[in-house]
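To keep things clear, I will list the structure first and then write my remarks on it.
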Amino acid sequence: MPGTLVRDSNATNLLTGSTLNAAGTTTSTAVQIDKPGEIQFVLTTGTVTGTSPTGDFEVKGADDSGMSTNVVSYGRFSQRDTTDGVTKYLRARVDSKYVQVTVILGGTNPVFTGSTLYARMPNDRRTQITTSA
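So this note's numbering is basically just the index in the sequence shown, starting at one, shifted up by 2.
Structure representation (structure tokens):
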């Protein structure tokens, strides 16, 4: 598909603002969805290190960028091993104006270097996010 690499390189990573190198809970920056509707979230883990590292990535939506009005969960990704470069998909009907990701890392010294999470139209690689909130 022409132009796909350019779109991918300009896409907003939903994990921006998350700390992916320490056990505990972290939250990404809220981003605005351009066209609410059927969305496919694509999580790709980069290099995973640590002792028994685990990662739960929950996609949440809200009507405001502060993520306080009509908050809903659109689903969760789980990573339970040290396999690098794993890609997982989650489809959801998104009716919220903003989305963000809450990440819970477990294990000893877990690190998820280079991990990305993008929102795309199903069966298409076009990004559905414009700017960070």
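From the three backbone atoms N, C-alpha and C, an ideal C-beta is built for every residue, glycine too.
For a test of the three-state rule: what should DSSP assign to residue i, helix, strand or coil?
i           : result
residue 111 : strand
residue 62  : strand
residue 47  : coil
residue 22  : coil
residue 82  : coil
residue 27  : strand
residue 99  : coil
Taking its Cβ as the centre, do 16 or more other Cβ atoms sit within 10 Å of residue i, making it buried, or is it exposed?
i           : result
residue 105 : buried
residue 124 : exposed
residue 8   : Low confidence applies here, because residue 8 scores a pLDDT of 45, under 50, leaving its location unreliable and the question unanswered by this model.
Going by alpha carbons, who is nearest to residue i out of the options?
i          : options          : result
residue 96 : 114, 103, 63, 51 : 63
residue 90 : 69, 59, 98       : 59
residue 32 : 48, 56, 18       : 18
Are any of the Cβ atoms in chain C nearer than 8 Å to that of residue i?
i          : result
residue 79 : Going by chain labels, chain C is absent from the structure shown, which holds only one protein chain.
So residue i packs on residue j, CB below 8 Å; how close in whole Å?
i           : j          : result
residue 121 : residue 16 : 7 Å
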